[in-house]
């Protein structure tokens, strides 16, 4: 495209996930950056027009774009000459054909741990992580039991009260309140 790419109306900053882009060279992670700060991140070789620079002649000036929504991150190829390659398997070593080539103007929803190669750039493979929302554990009432060595009630949880003290079992004791 000859003009600067514009994000779609549905794009938003991520809320339910914390996407990160990791760069791998020779199978080892060498760089990492957050994809949370903006609604989209343009990838290409032209520093004046893109957010993520990939300095390689096989990468177009405006090559591809990461697009965030509140619950997912997408990748769209911007009609690049050498293509954007996407692998759901998450291979971090570069291979001649990494996954499938993204075609057309439709954004592809990314999955946790997927890898990407821009153009024929053989040195770096990019991996996207942090796409799944954090797993929340179900709340349950703290377990209460009687401590045999004193008149305190033992609470097995992570909260500390200023007047609490720890016993030899590394538990937290709170003063027993009689009714």
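Numbering (this note's numbering), first residue to last: 1231 to 1409.
Even glycine gets a Cβ: it sits at the ideal position worked out from N, Cα and C.
For residue 1277 and residue 1347, the gap between their C-alpha atoms comes out near 19 Å. In this structure, residue 1290 lies near residue 1310, with their beta-carbon atoms less than 8 Å apart.
The DSSP-derived three-state label of residue 1282 is strand.
1302 is the residue among 1302, 1320, 1331 whose C-alpha sits nearest the C-alpha of residue 1244. Distance from the CA atom of residue 1257 to the CA atom of residue 1351, rounded to whole angstroms, is 15 Å. If you look at residue 1288, you'll find it isn't in any beta strand (DSSP E); DSSP assigns it neither H nor E. Taking a C-beta distance under 8 Å as the contact criterion, residue 1333 and residue 1317 do not qualify as a contact pair. Between the alpha carbons of residue 1337 and residue 1297 lies a distance of about 8 Å. Pairing residue 1345 with residue 1320 gives a Cβ-Cβ distance under 8 Å. Per DSSP, the continuous beta strand (DSSP E) segment holding residue 1259 begins and ends at 1258 to 1264.
Collapsing the DSSP output to three states places residue 1362 in coil.
When the beta-carbon positions are compared, residue 1359 and residue 1255 stay at least 8 Å from each other. Shown here for residue 1356: same chain residues with a beta carbon closer than 6 Å to its own, the five before and five after excluded, namely 1251, 1253, 1346 in chain order.
If you draw a straight line from the Cα of residue 1328 to the Cα of residue 1283, it is about 20 Å long.
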